[in-house]
Structure formats: C-alpha cells, structure tokens
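Worksheet for the structure shown next.
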Amino acid sequence: MFIEYQKERDCLFFLGAGASYSDGVPLQKDIVPEILSPKDEEFDNSELRKIVCAFITNNFSYSEESNTYPSLETIFSYIDYFIDNDVALCKVYTLEKLRLLKESLVKLIYFITSKSAKSPLTKREREVKGRENDSVYSFLWERAIETNRNFSIITTNYDNQIDDAFDRWLYPRHGLIDYCIDFLNYTKEDGLIGFDWWVNPREPIPDWDNCDPRPIKLIKLHGSLNWKYCNCCSQAVLTPWNKHIDLDTGELPRFDPSWMGDIDNAELCPRDGYPLSTLIVPPTHSKILKHPVVQNLIYEAQLEIRSAKKIVFIGYSFPDADIHIKAFFAKNLRNDAELTVVNPYLTEAARQAYRGLSSKVEFIEDSFEQALESGLMESVVGKNA
Ligand SMILES: [Zn+2]
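Start counting at 1 in the sequence shown, then tack on 5, and there's your number in the numbering used here.
What follows is the structure, encoded as structure tokens:
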C-alpha cells in the first residue's frame, strides 16, 4: 500500500545539540577532552586513539589542569584545510594520512557517543518512573504515538539515539522513518542480505497486520554516524544498529539481530567492495555543504520549513558555525508560522536571534524531558483521528 504525506505539516521539530545531551550524548566541547583523557585499556591503547592523540599533541597545545583544549571545530577545520586544498601538512601527514586521520576521528566520536548514550531502564526502574525508557528520544516517540504523527524532524545531531529509539517505539505499527535520501538498502540486489533491506516509505510498503504507519521525515542535516557513502558508485548505505567499533582496525561489524551477533564488517560497499566513508558534515567553521547527499537534505529541510504551521526548536541556539541554518529559516519561514523555543539555558543573544526570525516566538525554559512531560507533543501536533 501507499502511505502519503499531508500537504502541510502540523509541526516541525528542530533539534540541536541540547536535545542529544539530554540523552547522555556528550556536547561537542567535551569530546576532545574525552579522547585525550585515559579511560580503559581497550580505549587507551587502541590504534584509532593513538593516531588521533598523536596528531592533536603534535599540532595543538592543551592543558588538562586549566581544562583548555582545542575545539573539535578547530581540529576538523585544520584537517579540512589540507584536504580541501589538496596539500599535505608534512612528510608524515600526507594527504592520504590526513584523510585516514579524519575518518579515525569520526570513528572515535562514534565510539564515544554510542558508549555514553543512556541505556534502557531495568524493570524496577520502569515501574517507578512509569515509562519504558530513560532515553528522552524514546519518550518523544512514545508521546508521538498519541498524535496524528503529521510532523517532521530536522536535527543537527549525527548520533543514532533518535533512530534507535524510533525503531523500538514506532516501527512498523505507527511509523516509518523517511531519511529523505536514497539508500542502497532500498534495493534488493546481490551483496545485500535481508537484514540490510530497508522499507522506503516513498514507495509501496507491505500491508502489515494491525499496522497503520505514517511516514515521518527525519532530516539529519549534518549526516549521521550510521550512514556511509561509497565514492565509487556514489550511493549512501545505511548501517543501522552497529554499536561497537573495533578501535584497532577501525572496522564496524554489521550487527545481525537474528542471532544477536556480528556478521562481516560494514566497511565495504556491498555493491562494489569499495571502502565506505562515514557520511557526516563534521563541525567546522566553514561547513562543506556541497556533498550531493547533504544538498538533498538541505532541499528537504527547506521544503519542511515552508510547509510547517508551527516550529519547535529544542536545545538549539543558532551557533556561529550554523549560519547556513539561519539562512534556511530566513528564506523559507512562513509569515504565519508560530515558533516555540524549548531551552532552559538560553542566552539573551540567542533569544534575539530567534526574535530576528519572527515576532511570534514563545520561550519555554524547560528541559526537553520536562516539556514532553508537560504535554508539548500533544499541544503542537494534532490528535490521533
Ligand atoms: Zn559502491
């Protein structure tokens, strides 16, 4: 059967770093200290960490005592300067080595963010708290079930917490994720096992018993740690559910839930065997937005801004590195759109940035979780018909 989008969206949620932080994912500014400080033997002596730490130590200065570190933006911008301009740093850091270094850094971030994420509650904790999961994203999806699900989400976070929680709560009874990009997983060609297949909500979907799924756009504007890109066949590949990365080889095993174990590694393109690279837009001062996949996401994000009656910003404060996002809103925001900003730590400068977008802004000084508890979802999205 076909599931169709309505012409307009009741609400668009725009999630910033503060949203994932509520879910245990470290803030960008804490990632570099996390990488540099020793944890356990597996992490400390791993090849990936050695490569990244050596680079940081040789090129930047930092002090544990005064808690001063180079920012992640600075490190990525520095590496990208060489890669984008096609020049090497020195005989040790050749262009090839710098590309490997960048990929190693992305993998370490993947490791740190998936390790720190909140895990499901125990049975006893569930009874006390009265809900299934401690994850705020689980809570979001749990509340979404009660609505008409005519909303979409744009997130600047590239961690997988929101995707994993969707799978537990909505799929396939209440919703299907529409990532708004084309994945190799939509084809059933050789080299893909059944587990790799993914239902594309823009094509006819199976008519499952007792299911009434709605397509929900989840636009991960800065990419996702579970997306890979093949530079040979120019296809994006989705590698869901793999959590543990081999910190020595950098390999990412594919997780197969049918026997709760790993199968071969998800590092190579299933179509042509070419090594895949992680599809994220690293936090740099001059973000590279020319990637064809990112271009597609930008197009979809603007479409959603234009069709949204209400926009709710959660844990977002228009950082300087996100000037492109300000431009998307300035160009596409409807005159009658109602804006709500949920953020307990909003500075006056950030408030003014929102007021600059629209005169109709409501500020809610609650955490993401408190706002959901107070019925945010039900008040901005229509009731389930
Ligand atoms: Zn390929």
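Glycine is no exception: its CB is placed at the ideal position from the N, C-alpha and C atoms. Because the structure is a prediction, the values reported are computed rather than measured.
In the DSSP assignment, find the unbroken beta strand (DSSP E) run with residue i in it and report its ends.
{"i": "Gly228", "result": "Gly228 to Cys235"}
{"i": "Ile285", "result": "Ser282 to Ile285"}
{"i": "Ala313", "result": "Ala313 to Ile319"}
{"i": "Phe7", "result": "It is not in any beta strand (DSSP E) - Phe7 carries neither H nor E in the DSSP assignment."}
{"i": "Val366", "result": "Val366 to Ile369"}
{"i": "Val346", "result": "Glu343 to Val347"}
{"i": "Ile328", "result": "Looking at the DSSP string, Ile328 is not in any beta strand (DSSP E); the run it does join, the alpha helix (DSSP H), is Ile328 to Asn337."}
{"i": "Leu181", "result": "Gly180 to Asp183"}
{"i": "Lys225", "result": "Arg219 to Lys225"}
Starting from the C-beta of residue i, find all residues in its chain whose C-beta is less than 7 angstroms away, skip the five residues before and the five after it, and write them out in chain order.
{"i": "Ile36", "result": "Leu77, Ile114 and Ile117"}
{"i": "Pro220", "result": "Ile8, Tyr10, Leu181, Asp183 and Pro206"}
{"i": "Phe188", "result": "Trp203, Ala241, Val242 and Leu243"}
{"i": "Ser121", "result": "Gly29, Val30 and Pro31"}
{"i": "Ala313", "result": "Arg14, Cys16, Leu17 and Ala342"}
{"i": "Asp49", "result": "Pro43"}
Could you please give the first and the last residue of the uninterrupted alpha helix (DSSP H) stretch that includes residue i?
{"i": "Asp49", "result": "Glu46 to Asp49"}
{"i": "Arg276", "result": "Per DSSP, Arg276 belongs to no alpha helix (DSSP H) and is neither H nor E."}
{"i": "Gly23", "result": "Ala22 to Tyr26"}
{"i": "Lys112", "result": "Leu100 to Ser121"}
{"i": "Ser157", "result": "Segment Phe156 to Thr160 is the beta strand (DSSP E) holding Ser157; no alpha helix (DSSP H) there."}
{"i": "Arg207", "result": "From DSSP, Arg207 is part of no alpha helix (DSSP H); its letter is neither H nor E."}
{"i": "Val37", "result": "Gln33 to Leu41"}
{"i": "Ser143", "result": "Val141 to Ala149"}
{"i": "Val385", "result": "Leu381 to Val385"}
{"i": "Glu378", "result": "Phe373 to Glu378"}
{"i": "Phe81", "result": "Leu77 to Asn90"}
{"i": "Cys216", "result": "Counting along the chain, Cys216 falls outside any alpha helix (DSSP H), and DSSP gives it neither H nor E."}
{"i": "Lys404", "result": "It is not possible to answer for residue 404, since the shown part of the chain is limited to 6 through 390."}
Who are the near neighbours of residue i in its chain, counting only those whose CB is closer than 6 angstroms to its CB and skipping five residues on each side?
{"i": "Asn162", "result": "Ser25"}
{"i": "Asn301", "result": "Ile186"}
{"i": "Asn337", "result": "Gln307, Ile310 and Arg311"}
{"i": "Leu252", "result": "Ser51 and Leu53"}
{"i": "Arg178", "result": "Cys216"}
{"i": "Tyr4", "result": "The question about residue 4 has no answer, for the chain in this structure spans 6 to 390."}
{"i": "Asp89", "result": "none"}
{"i": "Pro287", "result": "Phe81"}
What's the C-alpha gap between residue i and residue j?
{"i": "Asn236", "j": "His296", "result": "11 angstroms"}
{"i": "Ser71", "j": "Pro38", "result": "12 angstroms"}
{"i": "Leu226", "j": "Tyr321", "result": "14 angstroms"}
{"i": "Trp174", "j": "Asn340", "result": "34 angstroms"}
{"i": "Ser282", "j": "Glu353", "result": "39 angstroms"}
{"i": "Ile56", "j": "Ser109", "result": "8 angstroms"}
{"i": "Lys107", "j": "Leu377", "result": "37 angstroms"}
{"i": "Ile210", "j": "Gln11", "result": "17 angstroms"}
{"i": "Arg311", "j": "Lys44", "result": "46 angstroms"}
{"i": "Pro245", "j": "Cys185", "result": "16 angstroms"}
{"i": "Phe351", "j": "Thr345", "result": "The residue you asked about is not Phe; residue 351 is Leu in the sequence shown. The straight-line gap from Cα to Cα measures roughly 13 angstroms."}
{"i": "Ser469", "j": "Leu284", "result": "This structure gives no information on residue 469, because the portion of the chain shown stretches from 6 to 390."}
{"i": "Phe334", "j": "Gln307", "result": "8 angstroms"}
{"i": "Ala355", "j": "Asp214", "result": "47 angstroms"}
{"i": "Val141", "j": "Gly255", "result": "29 angstroms"}
{"i": "Ile84", "j": "Gly380", "result": "44 angstroms"}
{"i": "Asp371", "j": "Tyr176", "result": "29 angstroms"}
{"i": "Cys274", "j": "Glu343", "result": "43 angstroms"}
{"i": "Lys388", "j": "Met382", "result": "10 angstroms"}
{"i": "Cys16", "j": "Thr160", "result": "14 angstroms"}
{"i": "Val386", "j": "Glu374", "result": "17 angstroms"}
{"i": "Ile319", "j": "Val97", "result": "43 angstroms"}
{"i": "Asn64", "j": "Cys238", "result": "35 angstroms"}
{"i": "Lys315", "j": "Gln33", "result": "28 angstroms"}
{"i": "Asn165", "j": "Asp172", "result": "11 angstroms"}
{"i": "Phe156", "j": "Tyr74", "result": "39 angstroms"}
{"i": "Ser23", "j": "Ala326", "result": "At residue 23 the sequence reads Gly, which differs from the Ser that was named. Between Gly23 and Ala326, the C-alpha separation is close to 16 angstroms."}
{"i": "Tyr304", "j": "Ile293", "result": "15 angstroms"}
{"i": "Glu69", "j": "Glu47", "result": "22 angstroms"}
{"i": "Tyr279", "j": "Leu105", "result": "15 angstroms"}
{"i": "Thr192", "j": "Leu20", "result": "30 angstroms"}
{"i": "Ile40", "j": "Val111", "result": "11 angstroms"}
By DSSP's criteria, residue i is part of a beta bridge. Which residues make up the other side?
{"i": "Glu305", "result": "In the DSSP output, where bridge partners are listed per residue, Glu305 has none listed."}
{"i": "Gln240", "result": "Cys235"}
{"i": "Leu294", "result": "None, per the DSSP bridge assignment."}
{"i": "Cys95", "result": "According to DSSP, which records beta bridges pairwise, Cys95 is partnered with nothing at all."}
{"i": "Lys388", "result": "Thr152"}
{"i": "Cys16", "result": "Phe156 and Lys315"}
{"i": "Phe188", "result": "Ala241"}
{"i": "Ser68", "result": "Thr73"}
I'd like the list of long-range same chain contacts for residue i, defined as Cβ closer than 8 angstroms, with 5 residues on each side in sequence excluded.
{"i": "Asp168", "result": "Ile182, Leu223, Ser229, Asn231 and Pro245"}
{"i": "Phe323", "result": "Ile330, Lys331, Ala355, Ala358 and Tyr359"}
{"i": "Phe87", "result": "Ala93, Leu94, Tyr98, Leu100 and Leu103"}
{"i": "Ser27", "result": "Val141, Gly320, Ser372, Phe373 and Glu374"}
{"i": "Ala170", "result": "Asn138, Ser140, Tyr142, Ser143, Leu145 and Trp146"}
Contact the region 360 to 374 vs the region 50 to 61: 3+ CB pairs below 8 angstroms: no
The region 139 to 150 / the region 89 to 100 touching (three or more Cβ pairs under 8 angstroms): no
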